[in-house]
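**Student:** Counting along the sequence shown from 1, when you hit position 377 you're at 370 in the working numbering, and nothing is skipped either side.
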Amino acid sequence: MTLDTLSRTCYSEDHEAFRSTVRRFVAEQLEPHAAKWDEDGIVPKDVWPKAGELGLLCPTVPEAYGGLGLDFGYNAIIDEEIGYGTDVATGFSLQSDIVANYIIQYGSDEQKQTWLPKMVSGEIVTAIAMTEPGTGSDLQALRTTARKDGNHYVINGSKTYITNGQNADLILVCAKTDTDVQPAWKGVSIVLVEANREGFKRGRNLDKVGLDAADTSEMFFEDVRVPITNCLGEEGKGFIYLMSELPQERLGIAISAQTAAQRAFDMTVEFTRDRKAFGKPVLDFQNTRFILADLKAKLQVGWAHLDWCIARHIKHELTPVEASGAKLWHTELQGEVVDKCLQLHGGAGFMNEYPIAKQWRGARVTRIFGGTSEIMKELIGRSL
Ligand SMILES: Cc1cc2nc3c(=O)[nH]c(=O)nc-3n(C[C@H](O)[C@H](O)[C@H](O)COP(=O)(O)OP(=O)(O)OC[C@H]3O[C@@H](n4cnc5c(N)ncnc54)[C@H](O)[C@@H]3O)c2cc1C
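1. Quick one: give me the first and last residue of the alpha helix (DSSP H) that Arg305 is part of.
2. Below 6 Å CB to CB, which residues in the same chain sit around Val147 once its five sequence neighbours on both sides are set aside?
3. I'd like the list of long-range same chain contacts for Cys3, defined as Cβ closer than 6 Å, with 5 residues on each side in sequence excluded.
4. Does the Cβ of Tyr234 lie closer than 7 Å to at least one heavy atom of ligand 1?
5. What's the C-alpha gap between Ala319 and Gly150?
6. Go to Val202, then tell me how far its alpha helix (DSSP H) extends in each direction, as first and last residue.
7. Report yes or no: do three or more beta-carbon pairs, one from the region 227 to 235 and one from the region 79 to 90, lie closer than 8 Å?
8. Could you tell me the distance, in whole angstroms, from the CA atom of Glu310 to the CA atom of Arg243?
9. Excluding five sequence neighbours on each side, which residues of the same chain lie with their C-beta closer than 6 Å to the C-beta of Lys351?
10. With a threshold of 7 Å (Cβ to nearest heavy atom), would Met344 be considered close to ligand 1?
11. Using three-state DSSP, classify Gly245 as helix, strand or coil.
12. Within 8 Å, do at least three Cβ pairs link the region 180 to 187 to the region 255 to 267?
13. Does the distance from the C-beta atom of Arg360 to that of Thr324 stay below 8 Å?
14. Count the other CB atoms, across all protein chains shown, that sit within 10 Å of the CB of Asn144; report buried if there are 16 or more and exposed otherwise.
15. Going by the CB atoms, is the gap between Ala356 and Gly374 shorter than 8 Å?
16. If you reduce the DSSP assignment to three classes, tell me which class Ala270 lands in.
17. Would you check if the distance between the CB atom of Ile117 and the CB atom of Val92 is smaller than 8 Å?
18. Determine the burial state of Met123: buried for a count of at least 16 other Cβ atoms within 10 Å of its Cβ, exposed for fewer.
19. In the DSSP output, what is Glu125 paired with across the bridge?
20. Heavy atom of ligand 1 less than 7 Å from the Cβ of Tyr154, yes or no?
21. Report all residues from its chain with a CB closer than 6 Å to the CB of Ala341; omit the five preceding and five following residues, and keep chain order.
22. Pick helix, strand or coil for Met344, following the three-state DSSP scheme.
23. Here's a check: name, in chain order, each residue in its chain whose Cβ is nearer than 8 Å to the Cβ of Ser101, leaving out the five neighbours to either side.
24. At which residues does the beta strand (DSSP E) containing Phe214 begin and terminate?
25. Whole angstroms is fine: what's the gap from Arg266's alpha carbon to Gln279's?
26. What is the rounded straight-line gap between the Cα of Asp287 and the Cα of Met344?
27. Give the secondary structure of Phe193 by DSSP, where H, G and I count as helix, E and B as strand, and everything else as coil.
28. Please identify the residue among Leu49, Lys152, Tyr77 and Asn94 whose C-alpha is closest to the C-alpha of Gly226.
29. Identify whether Asn149 lies in helix, strand or coil by the three-state DSSP scheme.
30. CA-CA distance, Gly60 and Ile96?
31. Along the chain, which unbroken stretches of the alpha helix (DSSP H) at least 4 residues long are found entirely within the region -5 to 27?
32. Starting from Glu187 and walking both ways along the alpha helix (DSSP H), at which residues does that stretch end?
33. Here's the rule: buried if 16 or more other CB atoms are within 10 angstroms of the residue's CB, otherwise exposed. What is Lys111?
34. Is the Cβ-Cβ distance between Val15 and Glu56 less than 8 Å?
35. Please indicate yes or no: does the CB of Met123 lie closer than 7 Å to some heavy atom of ligand 1?
36. What separation, rounded to the nearest whole angstrom, lies between the Cα atoms of Ile368 and Ala250?
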């Protein structure tokens, strides 16, 4: 089974031709190392330039800044092929779908010239640091400050759960440049911080329930000085930028969730066909067929919805509320699929040597990061 057997409606022939390049890369460069990287808790940095060489990082970066100037459909294909071809969590989508977008949309020409070509080539790895030990969902309450001192900001605070945290060379730090202004969101800015700045320290590579190879870290900022030209876009507009760009992050998570659910489903069909109980394949029990039939129908609906979202996003028409709906629905579907598929594996499902165990562990977080399911409902609810 591959993703080719689904009749997709959001992609052109060029998109689909690109798919084979990604698939080959996943099979040759990622999947063979999955076990080692999971054990290490990190994907080594030297994989990034290999992805960059094939155009698999930040495909939407304009040609003027070293990119291919393609549409979001190419990001989606990369997310799908990685999600379907391996359980390794690479952190590529964080760079391609999220960080690159902020710099493309709001960066100065100098920031674009400095960072985008290196992000495209994989020479550097990036992260975005919003969440803090004291706040995640409520971003207005963040406590990290970037205080102006002459032509510099002095940054103090700490961040946690930051994807690519150990590997990152450049971090987009959300900080308060004004702690007095009301409403509080008007004081939030996004500041680019190079990891070699004095006073910046990485904390632990956190021990997670799943996504073992993704380095997720604490970060500490103690009087870190950066020039005020490192502010992304306008000072005090950070919260508005986050609200404008989070939909793409949420769509990316929805794509990965739907794809990972399809992978778990396909593997379970194979497993239950081979596994015998009471003298017949587990797939032959009516209960198994009904569960899988139900999931197959939901996956079918899911693909149709996802194609609609991707097509709308390529045309820049997907609304924040629609993106929240997509993240909510596809990640909840993923949770249902992996849980039911694990059950159909019996005891093998609880053994880490079977992929479904890893998929079940990894799926749990998609309902949490990028905004929890509850926050998605809040956002959708506000549109009523
Ligand atoms: C593996 C992983 C990777 C991550 N990567 C990054 C990253 O790269 N960068 C980054 O900045 N962050 C990252 N995060 C953080 C992630 O985005 C947050 O964990 C998430 O947004 C939830 O915030 P929180 O953990 O503070 O939970 P809290 O906000 O404390 O929420 C706790 C519970 O309260 C609920 N809740 C909160 N507010 C409301 C409300 N208004 N109504 C109803 N229920 C509510 C939540 O839904 C949740 O169930 C990552 C997290 C993980 C686990």
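Ideal placement from N, C-alpha and C gives every residue a C-beta, glycine not left out.
**Tutor:** Checking against the coordinates, here is how it stands:
1. Gln279 to Ile307
2. Arg140, Asp216 and Arg218
3. Asp300, Ile303 and Ala304
4. no
5. 33 Å
6. Careful: Val202 lies outside any alpha helix (DSSP H) and carries neither H nor E.
7. no
8. 15 Å
9. Asp80
10. no
11. helix
12. no
13. yes
14. exposed
15. no
16. strand
17. no
18. buried
19. Thr128
20. yes
21. Tyr347
22. coil
23. Thr222
24. Thr209 to Pro220
25. 13 Å
26. 25 Å
27. strand
28. Asn94
29. strand
30. 13 Å
31. 6 to 18
32. It is not in any alpha helix (DSSP H) - Glu187 instead sits in the beta strand (DSSP E) that spans Val181 to Glu187.
33. buried
34. no
35. yes
36. 17 Å
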